[in-house]
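Note that the sequence shown covers residues 548 to 728 in our numbering.
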Amino acid sequence: MSNESDATDAGAVDDAGRPPGGEYGEPGTAVAPTGFELGTDGPKVVLAGLDGSDSSWRATAYAAGLARRQGAVLAVAYVQPILGAATALAGAAVEETTQEIADDLLAALRDAEERVRAVWRVQWRFLTMRGDPYTGLAKLADELRADAVVVGVSEQAGHKVIGSVAVRLVKAGRWPVTVVP
């Protein structure tokens, strides 16, 4: 019994009159493109935004799993917000508080790594900077040449009107962005 869809018969051609498999190889073989190819097979750097919210922790866990499965580096970023003029008088106290948050997030990441170290390992780094969260994550994604950006959905009510960091990253269209609920 023969398979009628088998196109490896002698003299078989595709719709364009070419032998199956293309002109470069035997029928059914894949041929690699020639020349320079930007990118790799799978992500090499996965950037996760972490601000301490539940959704950002879920996003970081998702990004860690993605990095582990792909053999990528996980970059976890906390962008310390710069608050408006109304809080400028409390500048030093606010700066100290955001640094304490960064230190607490780093300690929690190290604890999480310790708990799962026997099961799996992922190469990761923690980055922090001051500024607007969208601008900071975009800058880090560009500097790291991130292949994927993972963030949590905004948990603030006002972001439904003015736009969240996640929506702004998606709209930028410069990286694949995954928004984790």
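Glycine included, each C-beta is placed from N, C-alpha and C at the ideal position. This one's a predicted model, so the numbers in the text were calculated from it and none came from an experiment.
Sequence-distant partners of E702 (beyond 5 residues in either direction) whose C-beta falls short of 8 Å from its own C-beta, in its chain, are S600, D601 and S602. According to the DSSP assignment, V717 belongs to the alpha helix (DSSP H) that extends over V712 to A719. The region 604-623 makes contact with the region 669-676: 3 or more CB pairs, one atom from each, lie closer than 8 Å. Pairing P680 with Q627, the inter-Cα distance amounts to about 7 Å.
Under the three-state reduction of DSSP output, W722 falls in the coil class, being neither helix nor strand.
Of the residues assessed, G683 falls on the buried side of the cut-off, its CB having 16 or more other CB atoms within 10 angstroms. Counted as a single uninterrupted DSSP element, the beta strand (DSSP E) harbouring G699 occupies residues A695 to G699.
Exclusion of the five residues before and after R692 leaves V592 as the residues of its chain whose Cβ lies within less than 7 Å of its Cβ.
Taking 8 Å as the upper bound for CB-CB distance, A688 and V700 are not in contact here, some 18 Å apart. Following the DSSP letters along the chain, one finds A619 in no beta strand (DSSP E), marked with neither H nor E.
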